[in-house]
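Numbering (our numbering), first residue to last: 2 to 270. Following: one structure in structure tokens, then a few remarks.
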Amino acid sequence: MTKVIVHAGFHKTGTTSLQQHLIRLRKPLKPFMTYYGKNDFIAAGTHARKYAQKPFWHRRIMFRRAFRRFLAGIPADPVIFISRETLAGTMPGHRDWRGRVIHDYAHSAVPIGREIIRELRRRFGPDVEVEFLLTTRAADKWLRSVYGHLLRSIHLTESYEDFLAQFMGLPNPTAEAHRIANGLRPCKTHIIALENYTGHRHGPAGMVLDLIGVPEAVQDTLPAAKRENVGQTKQLEAEFLALNRSGKPKAALRKSKEKMIDNHRQTLD
2 MTKVIVHAGF HKTGTTSLQQ HLIRLRKPLK PFMTYYGKND FIAAGTHARK YAQKPFWHRR
62 IMFRRAFRRF LAGIPADPVI FISRETLAGT MPGHRDWRGR VIHDYAHSAV PIGREIIREL
122 RRRFGPDVEV EFLLTTRAAD KWLRSVYGHL LRSIHLTESY EDFLAQFMGL PNPTAEAHRI
182 ANGLRPCKTH IIALENYTGH RHGPAGMVLD LIGVPEAVQD TLPAAKRENV GQTKQLEAEF
242 LALNRSGKPK AALRKSKEKM IDNHRQTLD
């Protein structure tokens, strides 16, 4: 019987570090699981994100078909781990098709999760064991990280205070995860905080190794994780905000931001 664990988010909870480390460990972890990440099902991940912004029935079908194509091309290994944060939808702070700010994941994560369950049963049979993993983070740090990401990735012009004002009453990531878990029952959902793995040898990927039961003695023989996607400074955030407010064309903004990010990375090397 096949067991599939679906890591469906959230954004800004150490997902890049987790995914990159699992890519490096693909071969030594083969006796314990088979890993599939972003580049293995690009179309399905993109359709899930688009569905969150435009939750129309035909977009849900487009996700279903793309995910089905991905599953058709993989073997029925004993344990399969799938990770991509867009399987929960798009990052809050983006806007939907009406121009309204997206406040939550559950509106998209639950229907997409149900599609995932249905397609996994179609591919591996009704006895397939399906579980979900949702990674969370303290609400204040998570919102700050979300804000920084949006500053550099889209044309966000609000100050951090004005940005926060749009999220009054937003459940924290843990509460949101429980809301999604309730919508995906009877499948089991593991909810694990990024803070629980601060300082772990394998970083956020340590939660996956523990979840699939990799013995500590084996974990100790594996190469340690590298830190990915290091957050930006408040000074860099201020520069991004000023740039977004400058009125420059999008192409020029993107080029300037890429140069600023490269310069920031060089200071960390």
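No residue lacks a Cβ here, since even glycine has one placed at the ideal position from N, Cα and C.
Query                                                                                                          : Result
Rounded separation between leucine 212 and alanine 243 - CA only                                               : 43 Å
Selection from Lys39, Phe42, His156 that minimises the alpha carbon distance to arginine 255                   : His156
Cβ neighbours of glutamate 229 in the same chain (closer than 6 Å, five flanking residues each side left out)  : Thr17, Ser18, Gln21
The stretch 25 to 39 contacting the stretch 53 to 69, beta-carbon criterion three pairs below 8 Å              : no
Through-space distance from valine 7 to arginine 124, alpha-carbon basis                                       : 15 Å
Collapsed DSSP secondary structure at tyrosine 52 in the structure displayed                                   : helix
First and last residue of the uninterrupted beta strand (DSSP E) at phenylalanine 194                          : In the sequence as displayed, the identity of residue 194 is alanine instead of phenylalanine. Its beta strand (DSSP E) spans residues 189 to 194.
Distance between beta carbons of glycine 10 and glutamate 86, contact taken as under 8 Å                       : 4 Å
Proline 174 and threonine 137 closer than 9 Å at C-beta                                                        : yes
Residues bridged to threonine 136 (per DSSP)                                                                   : Ile193
Completely contained beta strand (DSSP E) runs for the stretch 80 to 113, where each covers 3 or more residues : 80 to 84
Bridge partner(s) assigned by DSSP for lysine 4                                                                : Val80, Glu130
Integer Cβ distance of histidine 104 from phenylalanine 164, believed to fall under 8 Å                        : So it is not a contact: roughly 12 Å between Cβ atoms.
Member of Arg60, Ala178, Lys235, Gly200 whose CA lies at the smallest distance from the CA of serine 160       : Lys235
Cβ-Cβ distance between valine 129 and methionine 2 below 9 Å                                                   : yes
Opening and closing residue of the alpha helix (DSSP H) in which tyrosine 161 lies                             : 161 to 166
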